[in-house]
Amino acid sequence: MDPKASRDLTSLRPGISHYSRSPVQRRVMQLDSRQLENVKGELLKLKKKEAADFQLWHNVARTEERKKQKNKEIADCQTWHNVGKREDPKKQKNKEIAD
1 MDPKASRDLT SLRPGISHYS RSPVQRRVMQ LDSRQLENVK GELLKLKKKE
51 AADFQLWHNV ARTEERKKQK NKEIADCQTW HNVGKREDPK KQKNKEIAD
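Position 61 of the sequence shown, counted from 1, bears residue number 61 in full-length UniProt numbering, the numbering being contiguous throughout.
This is the structure:
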């Protein structure tokens, strides 16, 4: 029989099936599988937290961008308003001179 064919994928060593394991080896495997599940659970929690953090960061960045855009629009409006005020006296003076 080919030694590779007799390997059990869940065995601790090649060529030893799970039926021939000692009780200690079985307990170690159970413990390892529990630890693996715990690690998987922790990894899933971290991935979810990372996704939530990214979403929060993205929302904050978008809000900041909106604030900047709004402030720029307000500043532009104020600038045009001030330019209009500055032009009015000049127009009045020009009209007075023309009259």
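Quick reminder that beta carbons are idealized off the backbone N, C-alpha and C, glycines included. Since this is a predicted model, take the numbers as computed values, not measurements.
DSSP places S33 within a helical segment (H, G or I) once states are collapsed to three.
Rounded to the nearest whole angstrom, the CA to CA distance from E65 to E73 is 12 angstroms. Taking the Cα positions, A75 is about 10 angstroms away from Q69. For the pair K40 and L46, the Cα-to-Cα distance works out to about 10 angstroms.
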